[in-house]
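For the numbering used here, count along the sequence shown from 1 and bump the result up by 16.
By construction, the Cβ of each residue, glycine as well, lies at the ideal position given by its N, Cα and C atoms.
Report on the structure given below.
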Amino acid sequence: MTSYVENETEIRFGFSEEETVKQVMEEVLDSEGCLYESQVNVLITDNETIREYNKRHRGIDNETDVLSFPNLSFEVPSGFENAAKEEADCFDPETGELLLGDIVVSAEKVKEQAQKYGHSELREFAFLIAHSMLHLCGYDHMEEADAGLMERKQNAVLENLGITRE
């Protein structure tokens, strides 16, 4: 399992972004029964840059906290067995790892939302990574039932890692 994490801001947190991404990624993929060693790229950026990504890719001219860019199409969430059908496009030829996709996180939103919701920046960052990882696994929250399922899964991941609201 590989995660590439780049923080292009001057904002620094009191925890290792790389270690947190690795822990959350591993917990999500284990809980979702991923059949493959996997790879994810994470960019930590500012509100201005994430707004540009949001406008360009989603047509929404607003800041957001996290964006997910899945590399796979799932017939059902976490239907990893279909990845083999798209092998040329989905696996790193050098490592053999499944290329799940990219995550973009706003460092400013991590700080703002941690304060707003009264929990640590670690908890907020881990929550956003778990949320985005579930999107990379084919989940969405467009319907109320799907949103509830994602919320339960996110909370279970954070609970299993001992990352609580404190």
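Considered as a whole, the region 95-153 harbours 114-122 as its complete beta strand (DSSP E) runs of no fewer than 3 residues, in chain order. In terms of CA proximity to Phe-96, Cys-153 leads the group Cys-153, Ala-172, Met-17, Phe-85.
The alpha-carbon separation between Lys-132 and Gln-55 amounts to approximately 32 Å. Here DSSP, grouped into helix, strand and coil, assigns Val-173 to helix. The criterion of a C-beta distance shorter than 9 Å is not satisfied by Leu-177 and Ile-119. Three or more beta-carbon pairs separated by less than 8 Å link the region 18-36 to the region 48-63, which places the two stretches in contact. Of all alpha-carbon atoms in Lys-71, Phe-85, Leu-51, Ala-142, the one lying nearest the alpha-carbon of Asn-98 is that of Leu-51.
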